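Residue numbers (the numbering used here), protein chains in the order written: chain H, 1 to 308; chain B, 1001 to 1308; chain E, 2001 to 2308.
We treat Cβ as the ideally placed atom computed from N, Cα and C, and that holds for glycine.
A quick note: this is a predicted structure, and the numbers were derived from the prediction, not measured.
Structure first, commentary second.
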Amino acid sequence: MQFNPNQKLSAIAKMINAEFDGDPDFLIKGINEIHKVQHGDITFVDHPKYYDKALKSNASTIIINKKINRPNGKALIYSNDPFRDFVKLIKKFRPFQPASSIISPTATIGEGTTIQPNVFVGNHVKIGKNCLIHSNTSIYDHSIIGDNVIIHSGAVIGADGFYFKRRPDYQDKLESGGKVVIEDHVEIGACCTIDRGVTGDTIIGWGSKMDNHIHIGHDCEIGKRCLFAAQVGISGCVTVEDDVILWGQVGVQKDLTIGKGAVVLGQSGIAKSLKGGTAYFGSPVQEARKKMKEIAALKKLPEIFKKL
Amino acid sequence: MQFNPNQKLSAIAKMINAEFDGDPDFLIKGINEIHKVQHGDITFVDHPKYYDKALKSNASTIIINKKINRPNGKALIYSNDPFRDFVKLIKKFRPFQPASSIISPTATIGEGTTIQPNVFVGNHVKIGKNCLIHSNTSIYDHSIIGDNVIIHSGAVIGADGFYFKRRPDYQDKLESGGKVVIEDHVEIGACCTIDRGVTGDTIIGWGSKMDNHIHIGHDCEIGKRCLFAAQVGISGCVTVEDDVILWGQVGVQKDLTIGKGAVVLGQSGIAKSLKGGTAYFGSPVQEARKKMKEIAALKKLPEIFKKL
Amino acid sequence: MQFNPNQKLSAIAKMINAEFDGDPDFLIKGINEIHKVQHGDITFVDHPKYYDKALKSNASTIIINKKINRPNGKALIYSNDPFRDFVKLIKKFRPFQPASSIISPTATIGEGTTIQPNVFVGNHVKIGKNCLIHSNTSIYDHSIIGDNVIIHSGAVIGADGFYFKRRPDYQDKLESGGKVVIEDHVEIGACCTIDRGVTGDTIIGWGSKMDNHIHIGHDCEIGKRCLFAAQVGISGCVTVEDDVILWGQVGVQKDLTIGKGAVVLGQSGIAKSLKGGTAYFGSPVQEARKKMKEIAALKKLPEIFKKL
């Protein structure tokens, strides 16, 4: 849980000038969008397609743009623009704090950790023991980095998620209030970007190793001992299980799961979830042995057409 | 117009030790290569294939490597190496100025704008109001950034265009003298690079949003409200009209136009101009619905070959 | 040769607590992994598949995990974990030295070279004359940069190679002890990463030009006058001969050679060595004229299937 508003329903509703349905003293413990929502959280829904999902989720309070029957044990806040009002809450409870120095006085840095020159360490960042943070790295506010982590130059940890809602005249931003968590023994290559969760955590699991120029979107959960080669790009809310290998320039669409031990060959484009323990190739991706057969067949095609 | 030489034809010709044909007092107002040339400008042409284009362009003065009949109302400068002499002029009127400080005293920064630590702001840069420039960003000389712009860490605004002329023994650089213009309400992701125009402007239009690791080549003009996902790469001199969506890792060749509202799926490779309002996919790109049929057909091919 | 241990066989064996077979006074001049090994060097081998290659290589001393007959003129060191012990030697002879300042006092910088703000220059770095190093660039220890080199902002020169050995429970890192060598008249684009050799040199040849976001893996040797467009990614130990052109987003697998003057079209994926003087396209790559025929044939396929 990123935020600890610990505010009463009536107080939260007042912040966004909205009516509510529920016990005014009902406690709102966290703020999370639908992918990350936990018991006690407030979330929002603004499209009839997702009403059911939101109402049946773990969320205890839902900001919604339709008057409906309140589900048992939950609270509702009525808003004509739940997205706008949810963003308002994120900004209230997790406002951007400009840096007061290159390494924030509120950051904690463990014993034996080396911070090279020109590294920016934001507010409330925690870096563990025996890490090596190379020059010109940027670590945004609230990031948590474990022990024995290496981060190479130019990497950016904790930039905002890329999450916009199309309005008639502009792209409206879902402010990111989440954070990045990097577990022990991870290595992050030069010029990698690990975006923070929009409301939850983006997690790089124990002992995973990333080559250069890798992009990990908001709210991804990367397992343990994964190996990602250079220029891999992963969209938001992707789950990569343990021991997955992605070769260079692989791209992954949002909201997918890649199963434990899967191996994906270079330049593949992943548009659906993949079972573990298998090798994949192609854009769009398939099992590698199937794709190889297609490639072989396609090679023969021009000659066959010529004969016909 | 990037440069304001406001020099007479005779003076410009003297700078490059060249003969000229025209009124010695003819005024040269700007310097632009052929893609960006405007009335009053000087440009160059060194290949017979492009003589006609140059002579019929808006250019008022043309550096050319052949004696020809001077078109009405224009001036000519004769050079045995127009490329070399054009570069000489760029260097003369837009010489590189080493930085005297991390934020140049000649930069102007609007009210309410936050500049995080380790940001480099070059000479004559203008940044508008209420912007947020994150740590370790580099903003080269002459860049112009509007109001309410967010630039994430590690982004590089205004590096030189990638534009070389093959000489027998080396790659000869067309020096970049142009600039980057970022309009209001744009967001630029971490580690993005927006190259400046070689003589004109690279423009990121109002309200466009870019994810991380995006490359925008020299002299591109990106429209309003575009959304580019991570690791998109766009070559030089590309026009992207308003409301275009490019998904992750899309690549675009130079000198193309992508029409208003086009949507291009991930990893597509765009080698020709695209009409607006349509979805595209593939490398090389096609209309998505056609490409999907090809993909379905190819899947059946190995089985069919086996039967034959 | 990166390291000059100039230590006797007996002393080296003692450092890793290992038995040896050979003249105790046998001189070990360098330390190199198998791809880069030279006469006088020590290397390691830990898999029976590569025993023969290692024993027949130029290496004068081999750390090996099996007792075998010592080849004439060579020395052997027996280890139950040659990888671990080889890493131990790299760490001993090339330990990481934390920076004492933004530009190391042990770095040498040539006349006429401009270093823009926020550039990190590591220990023992050499930069030649008339270079221009743009802001927020990171140059790791021991890098060697020639004359008239331009490096754009955010580039990272000399980060560790991506080279891991899979252990049952973790990914074990082959520490990088090599360096980067950038020859004269090279231009490196913004946010490029050039990894150092794990034990040898990563070389960017005379006059080669790189656009933005390019990744060059450890121990690559890039020839002269090459042109790489944006977002090209090259794995470790690749040889690119002179005058090669790689268009945008091309990916290259490890241990390959791309022949002189080859041209590879955008987004191609190179999984085998390529002969020079030819144009290529596709993922996996083929000669461009063959690939174009396949693409044309594939376009007809849905229509043909419909008729059948």
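Residue range of the alpha helix (DSSP H) that includes residue i
i         : result
Lys2049/E : 2048-2056
Ile2090/E : 2082-2093
Lys2036/E : Per DSSP, Lys2036/E belongs to no alpha helix (DSSP H) and is neither H nor E.
Ile2062/E : Note, Ile2062/E: premise wrong, no alpha helix (DSSP H); beta strand (DSSP E) at 2061-2064.
Leu1009/B : 1009-1015
6 Å CB neighbourhood of residue i in its chain, flanking five on each side removed
i         : result
Glu1183/B : Gly1146, Gly1205, Trp1206
Asp1021/B : Arg1070, Leu1076
Gln2231/E : His2213, Gly2248, Gln2249
Ile1012/B : Ile1028
Met2001/E : Residue placement at Met2001/E cannot be trusted, given a pLDDT of 49 that sits under 50; what the coordinates show is reported in the next sentence. Around Met2001/E: Gly2030.
Val1119/B : Ile1133, Thr1137
His142/H  : His124, Lys179
Ile90/H   : Glu175, Gly177
Where residue i falls: helix, strand or coil (DSSP)
i         : result
Glu1294/B : helix
Met1/H    : Any reading at Met1/H needs caution, since the residue's pLDDT is 48, under 50, leaving its predicted position unreliable; the model's value is listed next. Met1/H: coil per DSSP, three-state reduction.
Val2250/E : coil
Val2121/E : strand
Glu1303/B : helix
Lys165/H  : strand
Ala1288/B : helix
Glu1111/B : coil
Asp2172/E : strand
Phe96/H   : coil
Phe1026/B : coil
Val149/H  : coil
Lys209/H  : strand
Ile1068/B : coil
Val1263/B : strand
Thr199/H  : coil
Asp1219/B : coil
Leu308/H  : coil
Glu241/H  : coil
Terminal residues of the beta strand (DSSP E) in which residue i lies
i         : result
Ala279/H  : 279-281
Ile182/H  : 179-182
Thr137/H  : From DSSP, Thr137/H is part of no beta strand (DSSP E); its letter is neither H nor E.
Thr1075/B : Residue identity differs from the one stated: residue 1075/B is Ala in this sequence, not Thr. Taken as a continuous stretch (DSSP letters only), the beta strand (DSSP E) holding Ala1075/B covers 1075-1078.
Val2045/E : 2041-2045
Cβ neighbours of residue i in the same chain (closer than 7 Å, five flanking residues each side left out)
i         : result
Cys2191/E : Gly2154, Ala2155, Asn2212, His2213
Asn981/B  : Nothing in the structure corresponds to residue 981/B, since chain B is present only between 1001 and 1308.
Phe1228/B : Met1210, Asp1211, Ile1214, Leu1246
Own chain residues within Cβ distance below 8 Å of residue i, not counting five before or after
i         : result
Lys8/H    : Pro24, Asp25, Phe26, Leu27, Ile28
Lys254/H  : Gly217, Ser235, Gly236, Cys237, Val238
Lys260/H  : Gly223, Glu241, Asp242, Asp243, Val244, Gly276, Gly277
Ser2057/E : Ile2034, Val2037, Thr2043
Counted within 10 angstroms of its Cβ, other Cβ atoms place residue i as buried (16 or more) or exposed
i         : result
Ile2188/E : buried
Ile2304/E : exposed
Ser2273/E : exposed
His2047/E : exposed
Cys112/H  : It should be noted that the sequence gives Gly, not Cys, for residue 112/H. Under this definition Gly112/H is an exposed residue.
Ser100/H  : exposed
Asp2160/E : buried
Ile16/H   : buried
Pro117/H  : buried
Thr2108/E : exposed
Arg1289/B : exposed
Near the ligand GDP: residue i beta-carbon under 7 Å from a heavy atom
i         : result
Ile2188/E : Absence of the ligand GDP is noted for the structure shown, with no ligands found whatsoever.
Using a Cβ-Cβ cut-off of less than 8 Å, give me the residues of the region 2099-2113 of chain E that come near chain H, in sequence order. Ala2099, Ser2101, Ile2102
The region 1228-1241 of chain B: which residues have C-beta closer than 8 Å to a C-beta of chain E, in chain order? Gln1231, Gly1233, Ser1235
Beta carbons nearer than 8 Å to chain B: which residues of the region 2130-2164 of chain E have them? Leu2132, His2134, Ser2135, Asn2136, Ile2150, His2152, Ser2153, Gly2154
Can you pull out the residues from the region 192-210 of chain H whose beta carbon lies closer than 9 Å to at least one beta carbon of chain E? Trp206, Gly207, Ser208, Lys209, Met210
According to a CB-to-CB cut-off of less than 9 Å, which residues of the region 180-191 of chain H neighbour chain E? His185, Glu187, Gly189, Ala190, Cys191
Chain E contacts from the region 55-85 of chain H (Cβ-Cβ distance under 7 Å): Those residues of the region 55-85 of chain H that come within reach of chain E (Cβ to Cβ, closer than 7 Å) do not exist; the list is empty.
At a CB distance below 8 Å, what residues from the region 1268-1285 of chain B approach chain E? Give them in sequence order. Gly1269, Ala1271, Ser1283, Pro1284
In the region 1246-1261 of chain B, which residues sit with their C-beta less than 9 Å from some C-beta in chain H, listed in chain order? Trp1247, Gly1248, Gln1249
Could you run through the region 2012-2029 of chain E and flag, in chain order, every residue whose CB is less than 8 Å away from some CB of chain H? none
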